[in-house]
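*Asks:*
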Amino acid sequence: MPSRSRGLTPLLLLLPGGGWLVVFFAVPMAFMLLVSLQQGTFDTGYQLTWNFGIYPEVIVRYWDLYVRSTGFALAATLLTLAIGYPVAYTIAFRGGRLKNALLLLVVLPFFVSFVIRTLNWRMILSDNGMIFGFLKDLGLLEPNFHFLATPASVIFGLTYNFLPFMILPLYVAIEKIDRRLIEAATDLYASRMQAFWRVTFVLSLPGVVAGSLLTFIPAVGDFITAEVIGSGNPEVFMVGNIIQRKFLESLDYPAAAALSFVLVALVMALVTVYTRTVGSDRLAG
Amino acid sequence: MTTATAFAPRGPGLGVRLRNLLLPAFTGLLLLLLFSPIGVMIAFSFNDPAGRQNITWQGFTLRNYVDVWGRSEITDAMTTSLAVATISTIVATTFGTMIGLALTRFEFRGRWIMNLLIFIPITAPEIILGASLLTLWVSFDVERGFLTIVAAHIMFNISFVVVTVRARLAGFNRSLEEAGMDLYADGRTTFWKVTFPIIFPGILSAALLAFALSIDDYVITSFSAGHTVTFPLWVFGASRVGIPPEVNVLGTLIFMVAFVFIGVQLWAQRRQGRTAEAAPVTMVGR
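Here the protein sequences line up with chains S and F, keeping their order.
Quick note on the numbering used here: the first sequence kicks off at 134 and runs consecutively.
Quick note on the numbering used here: the second sequence kicks off at 110 and runs consecutively.
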């Protein structure tokens, strides 16, 4: 390669993709900030008035929604971790020759569209559907029992949809663990539980952190689950539902943009606190 | 529990044997849960619904599999989705591979900016990416439709391609390229004859990932769609009351394609595994 072009090559390689990301990702973020500071109505047009007051306004008005979204996403994250860890552990340590096949089985259901999967869950979990209808016929449930449109149903939907995001990073982390370290711990009279919590779990922490971030961040911004499994019940709405409605239905762009930025700030704050608490130095090892 | 296990005898007693069954049983149950909406989807794609609703089992029919091709709003939406996925995959895979090469092969200033540009779209909630694009279209009075959807899909796919390709390039043995150069191949020949074939599996899996993400996307698409309808958008719109059987038909067909594809990949892995064992370690590229 001629030395002259050496300096230019990386630039040429980066330019098309980098340019695309600047124009369709970075620039829109800047525009969203500007739109959030506009005032007016959709019919008369929005004017940029640097209305920073919109931020305290939406935070106060939608505080409950941010709290609920965070709560739902946290609950779903903890559930995916509690369910996903034993599964990732089993596949990594006990999977043997079936490791890859089992891993692919875990991922396979997620090749069916997110929307179709969620719609089918709504059908399974409906008031007189195949589970609750059956239990009601047997007299095991009150006839007016319902699960859809409750907070628990939304958390269930989020947990289901984000399970692979937890299991895959956990598997990668657990699979890498040198099993002789666990043997060493038990040789030194650690109980199986002690060996698990002090060796296996600690060494799998990078997977725990990656998995919980990959679950929490998309879950906190999700709106399909609350729309479908939550049956559009405003009492289980998450911030995403309001953002989507304001942008696409009531066309209240400034408030929707401000809500989005507050969500970004919330996510960044929580992620920073989380990674600090877990301690990045512990993750390096 | 802790004390019970701590003082458990070391031989394979009944407790130990039960405990050994616990984890595989739990994994099996979870797989059952994961597949339950898929099972229902497949079953109800053969349902013969009485009215427009498709909620209770009425009887077996294959008619839905024939009818689906006659409903133009479904085939149109599917065609749109396939077109969007194909175009965005080709463009994003090309651009993303170029970025991946630049990031692994060259030292340059401002690398952190590039890393940030790739990292944030992957980690940010989808609704933020979709919503911010909408403000761009609105601010410039861009009419939303096919092209805006494609632009959006290329954007979110580039990052995933870069990450996938970079993982492949990270385990790349540069001495193979040096060998090519030593044998008087110029830079271009070395790239196409040595580098590209080695990283090609990475590029291919990146492209497949991009295609899968694109064809399934609802959130970002909904903000850039206007009156254009992709398959996920149509499904969502059509499902206000119940799920039309045609949705489950197409879902089942997509699932079958994925199933066959994964089966083939598993089989290829098995074969690759065998040859890798036979080949000298240096040839694997690690």
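Just so you know, even glycine gets a beta-carbon here, dropped at the ideal spot from N, CA and C.
1. Between which two residues does the alpha helix (DSSP H) harbouring L285/F extend?
2. The beta strand (DSSP E) that contains L87/S, what's its start and end?
3. Does any C-beta atom of chain F lie closer than 8 Å to the C-beta of W183/S?
4. Have a look at R126/F and L132/F and give me their C-alpha separation to the nearest angstrom.
5. Smallest Cα separation from R411/F: which of P367/S, L384/S, V361/S and V369/S?
6. Can you tell which of A159/S, D311/S and L238/S has its C-alpha closest to the C-alpha of L139/F?
7. Taking the alpha-carbon positions, what's the A376/F to S337/S distance?
8. Mapping the DSSP letters down to three states, classify T174/S as helix, strand or coil.
9. If you measure beta-carbon to beta-carbon, which residues of the stretch 225-255 of chain S are closer than 7 Å to chain F?
10. When burial is assigned at 16 or more other CB atoms within 10 Å of the CB, is Y386/S buried or exposed?
11. Taking the runs of the alpha helix (DSSP H) that are 4 residues or longer, which of them lie wholly in the stretch 227-267 of chain S?
12. Going by DSSP in three states, F169/F sits in which element: helix, strand or coil?
13. Are the stretch 200-213 of chain F and the stretch 278-289 of chain F touching by the rule of at least three beta carbon pairs closer than 8 Å?
14. Could you tell me whether any Cβ in chain F is nearer than 8 Å to the Cβ of A159/S?
15. So, does the stretch 296-303 of chain F touch the stretch 171-187 of chain F, judging by three or more C-beta pairs under 8 Å?
16. Taking any Cβ of chain F, which residues in the stretch 388-403 of chain S have a Cβ under 8 Å from it, in chain order?
17. Between L198/S and I375/S, is the Cβ-Cβ spacing less than 8 Å?
18. Of all the CB atoms in chain S, is at least one closer than 8 Å to the CB of G205/F?
19. Once you ignore the five residues that flank V240/S on each side, which residues in its own chain have a CB closer than 8 Å to its CB?
20. Distance check for L258/S and G137/F, CA to CA, integer angstroms please.
21. Do P353/F and W254/S have their beta-carbon atoms positioned less than 8 Å apart in this structure?
22. Below 8 Å on the Cβ atoms is my contact criterion, and I expect I222/F with V272/F to pass it. Report the Cβ-Cβ distance as a whole number of Å.
23. Alpha carbon to alpha carbon, how far is V353/S from M401/S?
24. Does DSSP put N224/F in a helix, in a strand, or in coil?
25. Just mark G418/S as buried or exposed, buried being the case when its beta carbon has 16 or more other beta carbons within 10 Å.
26. Kindly indicate if chain S contains any beta-carbon less than 8 Å away from that of D325/F.
27. Any C-beta of chain S within less than 8 Å: which residues of the stretch 237-256 of chain F qualify?
28. In the structure shown, what three-state DSSP assignment does N277/S receive?
29. Sort G186/S, V342/S and V168/S by Cα distance to V406/S and report the nearest one.
30. Just to confirm, is the Cβ distance from F267/S to A209/S under 8 Å?
31. Mind checking Y293/F: buried by the 16 CB within 10 Å criterion, or exposed?
32. Can you check whether the C-beta of A260/F is within less than 8 Å of a C-beta belonging to chain S?
33. On the DSSP bridge assignment, give the partners of N374/S in chain order.
34. Just mark G346/F as buried or exposed, buried being the case when its beta carbon has 16 or more other beta carbons within 10 Å.
35. Buried or exposed, going by whether 16 or more other CB atoms sit within 10 Å of the CB of G152/S?
36. Taking the beta carbon of W330/S as the centre, do at least 16 other beta carbons fall within 10 Å, making it buried, or is it exposed?
*Replies:* So, from the listed chains and residues:
1. Where L285/F is concerned, the enclosing alpha helix (DSSP H) stretches over R283 to D291.
2. Past the boundaries of the shown model lies residue 87/S; chain S is included only from 134 to 418, so the question cannot be answered.
3. False, the Cβ-Cβ gap to chain F never drops below 8 Å.
4. CA-CA distance, R126/F to L132/F, rounds to 11 Å.
5. Examination of residue 411/F is not possible in this model, given that chain F is present from 110 through 395 alone.
6. That would be L238/S, whose Cα lies nearest to the Cα of L139/F.
7. In the sequence under discussion, the amino acid at residue 376/F is Trp, which differs from the Ala named in the question. Answer to the nearest angstrom: the Cα atoms are 29 Å apart.
8. In the structure shown, T174/S sits in a strand (DSSP, three-state: E or B).
9. Listed in sequence order: R227, N233, A234, L237, L238, V239, L241, P242, F244, V245, S246, F247, V248, I249, R250, L252, N253 and W254.
10. The residue is buried, with at least 16 neighbouring Cβ atoms inside 10 Å.
11. For the stretch 227-267 of chain S, whole alpha helix (DSSP H) runs of length 4 or above, ordered along the chain, are 232-240 and 247-257.
12. Look at F169/F here: in three-state DSSP terms it is strand.
13. Yes, they touch.
14. At least one chain F Cβ lies under 8 Å of A159/S.
15. In short, these stretches do not touch, since the Cβ pair count stays below three.
16. Answer in chain order: A389, A390, S393, L396, V397 and V400.
17. Taking a C-beta distance under 8 Å as the contact criterion, L198/S and I375/S qualify as a contact pair.
18. For G205/F, the nearest CB of chain S lies under 8 Å from its own CB, placing it at the interface with that chain.
19. Counting only Cβ-Cβ distances below 8 Å, and skipping sequence neighbours, we find P297 and L301.
20. C-alpha separation (whole angstroms): 21 Å.
21. No. Outside cutoff.
22. Taking the Cβ atoms as the reference, I222/F lies roughly 17 Å from V272/F, outside the contact range of under 8 Å.
23. CA-to-CA, the gap between V353/S and M401/S works out to about 12 Å.
24. Reduced to three states, the DSSP call for N224/F is helix.
25. Per-residue confidence for G418/S stands at a pLDDT of 39, beneath the threshold of 50, marking its modelled position as unreliable; the derived number appears in the next sentence. Burial call: exposed.
26. Closer than 8 Å to some Cβ of chain S, the Cβ of D325/F qualifies, so yes.
27. Along the stretch 237-256 of chain F, the positions whose C-beta sits under 8 Å from a C-beta of chain S are I237, L238, A240, S241, L242, L243, T244, L245, V247 and S248, read in chain order.
28. N277/S: coil per DSSP, three-state reduction.
29. Taking each of G186/S, V342/S and V168/S in turn and checking the Cα distance to V406/S, the smallest one comes out for V342/S.
30. No.
31. So Y293/F ends up on the exposed side.
32. Cβ-Cβ to chain S under 8 Å: yes for A260/F.
33. According to DSSP, N374/S bridges with nothing at all.
34. Only exposed fits G346/F, as fewer than 16 other CB atoms lie within 10 angstroms of its CB.
35. Only exposed fits G152/S, as fewer than 16 other CB atoms lie within 10 angstroms of its CB.
36. Result: exposed.
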